[in-house]
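Asker: The opening position of the sequence shown corresponds to residue 1 in full-length UniProt numbering, with each subsequent residue numbered one higher. Heads up, the beta-carbon is just placed ideally off N, CA and C, and yes, glycines get one too. Below: one structure in structure tokens.
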Amino acid sequence: MTTASLTEFLAGEGPATALAVGDVTTYRTGAAVRRLPGDRMRTLDGLYDLFAAAWDFPGHFGHNKDAFDDCMGDLPTGLRTPTGARATALLTVVSDAGRLLADAPEGDFEWFATSPAHWRERLRRSGRRFGLVLLTSADDAAAVAGRWEGAGAPLMRLRQD
């Protein structure tokens, strides 16, 4: 697993998903940040609801995988950073990552785990950077990493700079 700072992760060509122990500081990354609790996204319905609310999906969002992928790959432009600057990156930070889709069928988890790379590529075409950060404890980091990598989703390890 490659290691990088959050800024390097957002700018890089590597994995679209990163793992961090504890928390991450998003200040000065140029990112519009949405923080979502993994313990409230144990199923696809929970995931759809929280992502849709956080990223302001359109009212016609169909609550299915294809519609979710379309919305994530076409997130709104003109978003702002916490300091009010125009965002050049979009970042979703999921706490309690070990609980994310914990009650969902494995196929649903595999779909979600491999999707961020596709969203990142679509958003890059419009000049925007994207990343998904998974927050976990030191005790759970190996299990979270193993689950994502086992689903075919490479991870980057974030260092705390």
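Identify which residue in 120, 122 and 94 has its Cα closest to the Cα of residue 47.
Answerer: 94
Asker: Ordered along the chain, which non-local residues of its own chain (more than five positions away) have a Cβ less than 8 Å from that of residue 11?
Answerer: 129
Asker: With C-beta atoms as the reference, is residue 30 less than 8 Å away from residue 89?
Answerer: In this structure, residue 89 lies closer than 8 Å to residue 30 by Cβ.
Asker: Pick out the complete beta strand (DSSP E) segments inside the region 108–142, 3 residues or longer, and give them in chain order.
Answerer: The region 108–142 contains these whole beta strand (DSSP E) runs: 129–136.
Asker: Which two residues bound the contiguous alpha helix (DSSP H) that contains residue 4?
Answerer: Counting along the chain, residue 4 falls outside any alpha helix (DSSP H), though it belongs to the beta strand (DSSP E) covering 2–4.
Asker: Less than 8 Å between C-beta atoms, sequence neighbours within five positions excluded: which residues of the same chain meet that for residue 32?
Answerer: 79, 80, 81, 87, 89, 90 and 91
Asker: Per DSSP, residue 37 is paired with what?
Answerer: 95
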